[in-house]
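J.: Handing you a structure now.
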């Protein structure tokens, strides 16, 4: 009887111990979960605060960098626009000068008497027509490209003045080939220029215009 009682007591004690252990473990797990959630919440809040602080420090620098880039872009575009307008105006002025010289030479009948003057006249007409076609077809794009090419020529050989229009003549000849009298006038003008032998075959339009003006003045006298 006593043994049965002892055994029953042990069983009851074991059951109670197991129940208490399970409850304690469950409470411990719940506590750990609560602590973990609280830590995550605290960490998130701290991260948000740190991000706000860092953004407040970095944002002015970003704005300053963006403003500087925008100002540089505006200045660059303004500079390109000014150079483009200047290049177009220069080309138009040169074309007007050629047109005036052509009209003067057409008004002087003695031009038909001399082969050299007749060849110079034809060369000037061809150059004027070529420039007019290029300017009407491509507009400011080609003008700006010519201007930049001329700047490159100046940087490479700043001492050679009469050859600044070589690239314009090259582009003009690609659209309209010059006649045989034009080539004769070009060779005649090329022999009077100074510079490398590779540039003697081409004559700048400015030099050609100047020579034609001198010829026209002589004819008028």
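Numbering (UniProt numbering), first residue to last: 1 to 221.
We put the beta carbon where it would ideally sit given N, CA and C, even for glycine.
Here's the rule I'm using: 16 or more other beta-carbon atoms within 10 Å means buried, otherwise exposed. How should residue 57 be labelled?
T.: As a position in the chain shown, residue 57 is number 57, starting the count at 1. That one is exposed.
J.: My assumption, with CB atoms under 8 Å, is that residue 99 sits in contact with residue 128. Please give the rounded CB distance.
T.: Your numbering for residue 99 matches position 99 in the chain shown. Your numbering for residue 128 matches position 128 in the chain shown. 6 Å between Cβ atoms; contact.
J.: Give the straight-line distance between the Cα atoms of residue 70 and residue 62, rounded to the nearest whole angstrom.
T.: Reading the chain shown from its first residue, position 70 is the one you call residue 70. Reading the chain shown from its first residue, position 62 is the one you call residue 62. Each residue's Cα considered, the two are about 12 Å apart.
J.: Please classify residue 223 as buried or exposed, where buried requires at least 16 neighbouring CB atoms within 10 angstroms.
T.: Any question about residue 223 goes unanswered here, given that the chain covers just 1 to 221.
J.: Please report the straight-line C-alpha distance between residue 39 and residue 19, rounded to a whole angstrom.
T.: Position 39 of the chain shown, counted from the start, is the residue given in the question as residue 39. Position 19 of the chain shown, counted from the start, is the residue given in the question as residue 19. Going by the C-alpha atoms only, they are around 30 Å apart.
J.: Excluding the 5 residues preceding and the 5 following residue 10 in the sequence, name in chain order all residues of the same chain whose CB lies nearer than 8 Å to its CB.
T.: Within the chain shown, residue 10 is the residue found at index 10, counting from 1. No residues qualify anywhere along the chain.
J.: Should residue 22 go down as buried or exposed, given a rule of 16 or more other Cβ atoms within 10 Å for buried?
T.: Taking the chain shown and counting its residues from 1, one reaches residue 22 at position 22. Residue 22 is exposed by the Cβ-count criterion.
J.: Please report the distance separating the alpha-carbon of residue 48 from that of residue 15.
T.: On the chain shown, position 48 is the one that residue 48 refers to. On the chain shown, position 15 is the one that residue 15 refers to. Cα-Cα distance, rounded: 50 Å.
J.: Mark residue 119 as exposed unless 16 or more other C-beta atoms lie within 10 angstroms of its C-beta, in which case mark it buried.
T.: Against the chain shown, residue 119 aligns to sequence position 119. By the neighbour-count rule (16 or more Cβ atoms within 10 Å), residue 119 is buried.
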